[in-house]
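Quick note: the sequence shown uses the working numbering, first residue 28, plus one each step. We put the CB at the ideal spot given by N, CA and C, even for glycine. Note that the structure is a prediction, hence the values are computed from the model and not measured. Notes to accompany the following structure.
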Amino acid sequence: MATVTETVSLPAQVLLKLNNTSNSAPAKETIEPKDDTTIIPPPTEWTYLCHPRLKEVQDEVDGYFLENWKFPSFKAVRTFLDAKFSEVTCLYFPLALDDRIHFACRLLTVLFLIDDVLEHMSFADGEAYNNRLIPISRGDVLPDRTKPEEFILYDLWESMRAHDKELADEVLEPTFVFMRAQTDRARMTISELGHYLDYREKDVGKALLSALMRFSMGLRLNAEELQGMKALEGNCAKQLSVVNDIYSYDKEEEASHTGHKEGAFLCSAVKVLAEETKLGIPATKRVLWSMTREWEVVHDKMVAEQMAAPGGCSDAAKAYMKGLEYQMSGNEQWSKTTRRYN
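Here's what the structure looks like:
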């Protein structure tokens with residue numbers, strides 16, 4: 028096995044070897060689950076959009092993490108590049124300002140990497156790990172510069188606050204909610220889909236994605252506008268979570284047998300609904316796909332109602348609602364093409 032030093036000391040060579048696959052444009056193939064039953068999603072009225080700076084930002088961000096994160100092996104480097112974390116960010120936030128998209132890419136990338144670390148920990152150890160990172164992210168505690176997760180988060184939040192303190196501060200608490208949900212013991216006892224969707228709204232990081240989108244797009248919504256978006260955000264969280272669960276189920280089911288019994292515990296809408304309804308996995312996925320399309324219809328209806336409301340909508344509110352749609356369509360595009368799930 029390659030040492031950590033050997034792995035990260037030659038990022039340029041690693042990137043060169045893996046460039047053909049790691050920096051390809053978003054693919055358009057369908058998936059074929061391990062049960063050999065092709066699951067074809069129902070048609071959607073939406074079209075995804077990708078940020079135009081994807082290639083250059085992906086090279087920049089991947090290079091930064093190859094230099095600074097302690098990957099244990101070249102296989103781990105390969106897995107990291109194949110996941111295309113900057114790509115999903117550019118699909119989530121295609122309307123982000125050119126000088127802000129790299130912040131969003133760095134934040135989601137480090138959170139994905141931390142999530143992988145937590146998969147091999149108990150809830151107690153994972154909670155302690157995250158609790159150390161929270162005050163560092165606030166800037167209240169200086170990082171240990173020998174620990175990448177600490178100095179990467181510290182430097183990133185400091186740079187985000189320097190760029191736009193008001194909107195960066197709005198991202199902080201939603202990030203902590205997401206981090207706490209990762210080690211919430213309740214995930215091991217969920218047996219009803221409604222309960223699961225309530226929990227998953229935190230675990231999928233919907234509030235985080237919404238706040239990060241506002242930061243990346245430079246959107247300032249007033250308190251009344253933010254309150255008016257709650258129903259839209261909740262609906263979006265359901266669609267995001269379930270699409271993610273459909274595509275990730277096979278890999279996560281496999282990981283549940285090899286990771287820590289708590290950190291890698293399988294918590295998925297596919298599992299919950301299959302057990303509730305006594306349907307097989309392929310049938311459950313088909314039912315869930317129908318639900319995701321209905322949530323898309325609900326989104327469009329709620330947007331139309333907001334637009335028709337007395338006084339109309341501000342340009343920021345219109346951009347925000349369109350951004351939520353792109354989060355959902357972008358998440359589906361990434362989920363069906365990333366090797367993290369397929």
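Which residues in the same chain as residue i place their Cβ atom closer than 8 Å to its Cβ, once the five residues preceding and following it in sequence are excluded?
i: Trp316; result: Ile66, Pro68, Pro69 and Ile273
i: Tyr353; result: Tyr75, Leu76, Leu118, Tyr119, Phe120, Pro121 and Leu122
i: Thr71; result: Arg320, Glu323, Ser356 and Glu359
i: Met334; result: Cys340 and Lys345
i: Thr304; result: Thr311 and Val314
i: Glu56; result: Only weak support exists for where Glu56 lies, its pLDDT of 41 falling under 50; the coordinates are left without a value.
Which same chain residues, not among the five before or five after residue i, have their C-beta less than 7 Å away from its C-beta?
i: Glu154; result: Thr210
i: Asp62; result: Legend: pLDDT at Asp62 = 45, less than 50; position of this residue unreliable, value from coordinates given subsequently. Excluding sequence neighbours, Asp62 sits near Ile308 and Pro309.
i: Asp142; result: Gln209
i: Lys349; result: none
i: Arg80; result: Asp125 and Ile128
Kindly indicate the opening and closing residues of the alpha helix (DSSP H) around residue i.
i: Met215; result: First-last for Met215: undefined, no H or E at that position.
i: Asp86; result: Leu81 to Asn95
i: His190; result: Pro175 to Gln209
i: Thr136; result: Ile128 to Leu145
i: Pro162; result: Phe150 to Arg165
i: Asp342; result: Asp342 to Ser362
i: Arg320; result: Ile308 to Ala335
i: Cys375; result: The shown model of the chain, from 28 to 369, leaves out residue 375, and the question about it has no answer.
i: Leu300; result: Ala296 to Thr304
i: Phe242; result: Lys233 to Met244
i: Leu253; result: Ala250 to Gly255
Please say whether residue j and residue i have beta carbons closer to each other than 9 Å?
i: Leu220; j: Val299; result: yes
i: Leu259; j: Val204; result: no
i: Trp184; j: Arg165; result: yes
i: Tyr156; j: Pro170; result: no
i: Arg212; j: Ser275; result: no
i: Leu134; j: Cys263; result: no
i: Leu124; j: Met244; result: yes
i: Lys102; j: Gln85; result: no
i: Arg227; j: Lys278; result: no
i: Ala301; j: Tyr223; result: no
i: Gly232; j: Leu140; result: no
i: Met206; j: Ile163; result: no
i: Trp96; j: Ile179; result: yes
Going by beta carbon distance, what residues of the same chain come within less than 6 Å of residue i, once the five residues before and after it are set aside?
i: Val198; result: Ala238, Leu239 and Phe242
i: Pro201; result: Ala234, Leu235 and Ala238
i: His326; result: Asn262
i: Ser113; result: Val84, Gln85, Val88 and Cys132
Residue i CB to nearest chain B CB: under 9 Å?
i: Leu267; result: In the structure shown, chain B cannot be found, because there is only a single protein chain.
For the segment 257-276 and the segment 349-364, state whether three or more C-beta atom pairs, one from each stretch, are separated by less than 8 Å. Under the Cβ criterion (8 Å, minimum of three pairs), the segment 257-276 counts as touching the segment 349-364.
Check whether the segment 166-176 touches the segment 105-116, taking contact to mean three or more Cβ pairs, one atom from each stretch, closer than 8 Å. As far as the Cβ criterion goes, the segment 166-176 does not touch the segment 105-116, which means the pair count is below three.
Would the segment 342-358 and the segment 111-121 be scored as touching if the rule is three or more Cβ pairs under 8 Å? Of all C-beta pairs linking the segment 342-358 to the segment 111-121, three or more are shorter than 8 Å, placing the two stretches in contact.
Should the segment 180-190 be called in touch with the segment 128-142, which here means at least 3 C-beta pairs below 8 Å? By the C-beta criterion, the segment 180-190 is judged to be in contact with the segment 128-142, since at least 3 inter-stretch pairs fall below 8 Å.
Between the segment 243-255 and the segment 340-347, can you find at least three pairs of beta-carbon atoms closer than 8 Å? Cβ pair count under 8 Å is three or more, so yes.
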